[in-house]
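Undergrad: Sharing a structure here in structure tokens format.
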Amino acid sequence: MEQARKRADALRLEIETHRRAYYVDNDPQVSDAEYDELERELVDLERRYPELVTPDSPTQRVGGEPAEGFEPYTHASPLLSLDNAYGADELREWDARLRRALDDAPAPSYMVEPKVDGLSIAIHFEDGRLRRGVTRGDGLVGEDVTSNVRTIRSIPLRLAAGETRALEARGEVYLPRSVFERLNEKRAAEGEPLFANPRNAAAGALRMLDPRITAERRLDCFFYDVAAWGGDPRATHEQNFELLHRLGLRTNPLNRLCGTIDEVIDAFEELGRRRDMLDYEIDGLVVKVNELPLRGIAGATSKFPRWAVAVKYPAQQATTTVRKILVQVGRTGKLTPVAELEPVQLAGTTVSRATLHNEDEVERKDVRVGDTVLIEKAGEIIPQVVKTVPTKRPEGTRKFKMPARCPVCGSAAIREEGEAARYCSNVACPAQQKEKLLHFAGRGGMDIQGLGEALVDQLLDQGLVKDVSGLYDLEREALEGLERMAAKSAANLLDEIERSKQRPLRRLLFGLGIRHVGERAAGLLARLGSIEALAGAEPEELEALDEIGPKTAAAVGQFFEQPANRELVDRLAAAGVRTEASEEELAPAPGAVEPSPFTGKTVVLTGTLPGIPRSAAKARIEYLGGKVSGSVSKKTDLVVAGEAAGSKRTKAEALGVTIMEAEEFAAWMKS
Ligand code: IVH
């Protein structure tokens, strides 16, 4: 027992040191696998000796039951907000006002910090332990979100260097862009509404009642202020950062001390050029007087401190007019209103459409045909209408009304209680069928090359297919009769369709487009062994699978309850489509595979790998938890470079993407 306690203490210390190196200093000292091994040993030890568990143990980041609500908490000192300056000229004006307020005091220096677009948070440490995390709220009273804050890996549960003096640190919690994109891809695949931007997604995550969900969102945090400290007072803000860093709190490595306002302007412009390359969104810089005594002299106006300002970059927005409002019908029959716009340049691309999300959104924003609207690019997703410009509304416009019938098939479009959207009630609706076919044949599904939008339109128009099972009855003569379909392409398409019959079960499950079943859920469901087993499973059985929640379980049940869907599955099976899981799908539970350099990573293969077919390399990477993508971009985490790797390798090098050589990869091919 005594020995176990000692080992647990030693492990905690070691894990904490590595966590800090990884999350705070961005300088990992061990491989992820070694780190995970330490955590596993500790979990094991604590499982055997529960009395050894301490609240600040790294195993205790996610714990307890979902909360009922959040307690209000009054901040000891208010969380102020800042006055804005737009561009260099206004920044100089701010500086001039500051210098007048400082009168004959010595000239200040300026701390310049990226203004990360997230949510401010106050974190209290007592006796060296994370005691409380509180949102900003209205600046005076926030909400206690401690259990959610504990899930953020860059925030320590214990201060470094054995420090026990009281500390209140403030900072910005945010969602990294890469995580945001993955989250939205997943939501799109599962038919869930997308987050407009990382900030909204972060705000949602921080206020989740169930910390397990917050933990999945992978929030991050930069600290930028010391609001209270039991040690010596500091003379400069630079010393605040030194203190935060010494105590193990993450600060932004791009923070920079500037001697003059000209230097600040240079920093503003330079960061403006680099902002698209950061893994977080910034909307400007925060400029603060570095010398703390000078802050006291500068004082505050009725609203803001005079000693700091937020300099903003021009927003990525534009105005244009609405030509039309279309209503699109998705795969699930969901009706989405879309504004067709007079084309306009926005953040480097021409934009001619913007989503209006749903009925309530159009209603709330009252967007009408003919309106001048402000549009905005939020994150990487399609632009959205921020608002209309009422003064520019022409005479005689009419309020937009969502149609009560499907614009494609004319069936009733129904909005159920509690749903934000209307759905076309006709399962045979051609618009739905089209989207269903595209989804089925798409990359995450059966991956039928050559089955694009134009072809799907023709197949449906000519009545050659009615649903996805019809693809397997297509005949050569019929295909050759279609527009722009030569004998060769018809043969290729039939080959592709034939090949798709052997795709793993998870791809079929994803391809069927069951609500809430994205690629990941499909992989987990495939582990039941066959589509028959899945169709016969009770929702409770499904929920018992790790990571399958009640929504997904219910959606699967509803799907198989419908005779039309059962018949569809029967037709697919009769056509020879694989409905049993492959060995590879049954082998390891995804989480059970040892962590590897590919786990959770987007990987690109390039060049030839001696003796390893590309399909085998891809399957192996997927088995090891990675995702294989075709082209190198900012989103690529790792490039596996074989012989004669050409431009992809060069591009990866230019982007600073990690490269794994063929030899090392060959070792990962063996288990
Ligand atoms: S300092 C009096 N520093 O911007 C100082 N704020 O309006 C108050 N923010 O609510 C804040 N990065 O959420 C500060 N490096 C930074 C910041 C930052 C982002 C946010 C913060 C605050 C708002 C200011």
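If you count the sequence shown from 1, position 203 lands on 202 in numbering that gives the first Met the number 0, and the numbers rise without skipping.
Backbone N, C-alpha and C fix where the C-beta goes; we use that ideal spot for every residue, glycine too.
Quantities reported herein were computed from a predicted structural model and do not represent experimental measurements.
If we call anything under 9 Å between Cβ atoms a contact, is Y109 one with N239?
TA: No, the Cβ-Cβ distance between Y109 and N239 is not below 9 Å.
Undergrad: List the residues that DSSP assigns as beta-bridge partners of Q344.
TA: Answer by DSSP bridge pairing, in chain order: T349.
Undergrad: Compute the Euclidean distance between the alpha carbons of E379 and R135, then round it to the nearest angstrom.
TA: Note that E379 has pLDDT 45, beneath the 50 cutoff, so the model's placement of it is unreliable and the number below is only indicative. Their backbone Cα atoms lie some 27 Å apart in a straight line.
Undergrad: Check D219 in the structure and name its three-state DSSP category.
TA: Strand, per DSSP.
Undergrad: When you measure from the CB of F240 to every non-hydrogen atom of the ligand IVH, does any distance come out below 8 Å?
TA: Because no heavy atom of the ligand IVH lies under 8 Å away, the Cβ of F240 does not count as near it: no.
Undergrad: Is there contact between the region 313–329 and the region 419–431, where contact requires at least three CB pairs shorter than 8 Å?
TA: At 8 Å Cβ cutoff, the stretches touch.
Undergrad: Tell me which same chain residues have a C-beta within less than 8 Å of the C-beta of K435, skipping the five on either side of it?
TA: Cβ neighbours of K435 beyond the five flanking positions: R330, D466, V467 and G512.
Undergrad: I need the boundaries of the alpha helix (DSSP H) containing N564, first residue and last residue.
TA: P562 to A573 is the span of the alpha helix (DSSP H), which, as asked, contains N564.
Undergrad: With H, G and I counted as helix, E and B as strand and the rest as coil, what does DSSP make of E416?
TA: Reduced to three states, the DSSP call for E416 is coil.
Undergrad: Are three or more beta carbon pairs between the region 436–444 and the region 494–513 nearer than 8 Å?
TA: The region 436–444, when compared against the region 494–513, does touch it at the 8 Å Cβ threshold.
Undergrad: Within the present structure, is the beta-carbon of A117 separated from the nearest heavy atom of the ligand IVH by less than 8 Å?
TA: Position check: residue 117 holds Gly in this sequence, whereas Ala was assumed. Yes, the ligand IVH has a heavy atom inside 8 Å of this Cβ.
Undergrad: Between the Cα of K500 and those of G480, V555, T578 and E531, spot the shortest distance and give me the residue it belongs to.
TA: Among G480, V555, T578 and E531, the Cα nearest to that of K500 is on T578.
Undergrad: Sorted by chain position, which residues of the same chain lie with C-beta nearer than 8 Å to A353's C-beta, five sequence neighbours on each side aside?
TA: Only V337, A338, L340, V372, I374, I381, P382, Q383 and V384 meet the Cβ criterion.
Undergrad: Pick out whichever of Y34, I658 and Y48 has its Cα sitting closest to the Cα of A3.
TA: Checking every option, the nearest Cα to that of A3 belongs to Y48.
Undergrad: If you follow the beta strand (DSSP E) that V288 is in, where does it begin and where does it stop?
TA: V288 -> beta strand (DSSP E) spans I281 to V288.
Undergrad: Distance, Cα to Cα, L242 vs F69?
TA: Rounded to whole angstroms, L242 to F69 spans 30 Å at the Cα level.
Undergrad: Identify, in the order they occur along the chain, each residue of the same chain with its Cβ nearer than 6 Å to the Cβ of V576, setting aside the five sequence neighbours on each side.
TA: Here the set comprises K500.
Undergrad: Please give the ranges of any alpha helix (DSSP H) in the region 27–109, keeping only runs that are unbroken, at least 4 residues long and fully inside the region.
TA: 31–47 and 86–101, all fully within the region 27–109.
Undergrad: Look at V555 and V516 and say whether their C-beta atoms are less than 9 Å apart.
TA: Taking 9 Å as the Cβ cut-off, V555 and V516 qualify as a contacting pair.
Undergrad: Shortest alpha-carbon distance to N199 belongs to which of R96, R274 and E280?
TA: Minimum Cα distance to N199 is reached at E280.
Undergrad: Taking the DSSP output, what are the residues bridged to E142?
TA: DSSP lists P71 as partners of E142.
Undergrad: Return the residue from the list A615, S56, G451 and V144 that minimises the CA-CA distance to R483.
TA: Looking at the Cα atoms, G451 is the closest of the given residues.
Undergrad: Here's a check: name, in chain order, each residue in its chain whose Cβ is nearer than 6 Å to the Cβ of Q244, leaving out the five neighbours to either side.
TA: Sequence check: residue 244 is His here, not Gln. Same-chain partners within the cutoff: T250.
Undergrad: With a threshold of 7 Å on Cβ separation, who are the neighbours of I247 within its own chain once the five nearest residues in sequence on each side are excluded?
TA: The residue you asked about is not Ile; residue 247 is Gly in the sequence shown. The answer, listed in chain order, is R19, V23, P155, L158 and A159.
Undergrad: Where does G538 fall in DSSP's three states?
TA: Note that residue 538 is Pro in the sequence shown here, rather than Gly. In the structure shown, P538 sits in a helix (DSSP, three-state: H, G or I).
Undergrad: Should V285 be listed as close to the ligand IVH, given that the test is whether its C-beta is under 8 Å from any heavy atom?
TA: Yes; taking the cut-off as 8 Å, the Cβ of V285 has a heavy atom of the ligand IVH nearer than that.
Undergrad: Could you please give the first and the last residue of the uninterrupted beta strand (DSSP E) stretch that includes G132?
TA: Where G132 is concerned, the enclosing beta strand (DSSP E) stretches over R128 to T134.
Undergrad: Is L78 near the ligand IVH, going by C-beta to nearest heavy atom under 8 Å?
TA: Yes, the ligand IVH has a heavy atom inside 8 Å of this Cβ.
Undergrad: Cutting at 6 Å between CB atoms, please list the residues of its own chain near A661, excluding the five before and the five after it.
TA: Taken in chain order, the residues that qualify are L608 and G641.
Undergrad: Can we count D137 as close to the ligand IVH, meaning its CB is less than 8 Å from some heavy atom?
TA: No, Cβ of D137 sits at least 8 Å from all heavy atoms of the ligand IVH.
Undergrad: Cα separation between N25 and D31?
TA: Answer to the nearest angstrom: the Cα atoms are 13 Å apart.
Undergrad: Put W228 into one of helix, strand or coil per three-state DSSP.
TA: Strand at W228.
Undergrad: Hey, could you find the ends of the alpha helix (DSSP H) K617 is sitting in?
TA: First-last of the alpha helix (DSSP H) with K617: R613 to Y622.
Undergrad: Mapping the DSSP letters down to three states, classify Q457 as helix, strand or coil.
TA: Here Q457 sits in helix by DSSP.
Undergrad: Drop a sphere of 10 angstroms on the beta-carbon of M0, count the other beta-carbons inside from all chains shown, and report buried for 16 or more, exposed for fewer.
TA: Exposed is the call here.
Undergrad: Taking C-alpha atoms, which residue in L193, D8 and V656 lies nearest to T601?
TA: Minimum Cα distance to T601 is reached at V656.
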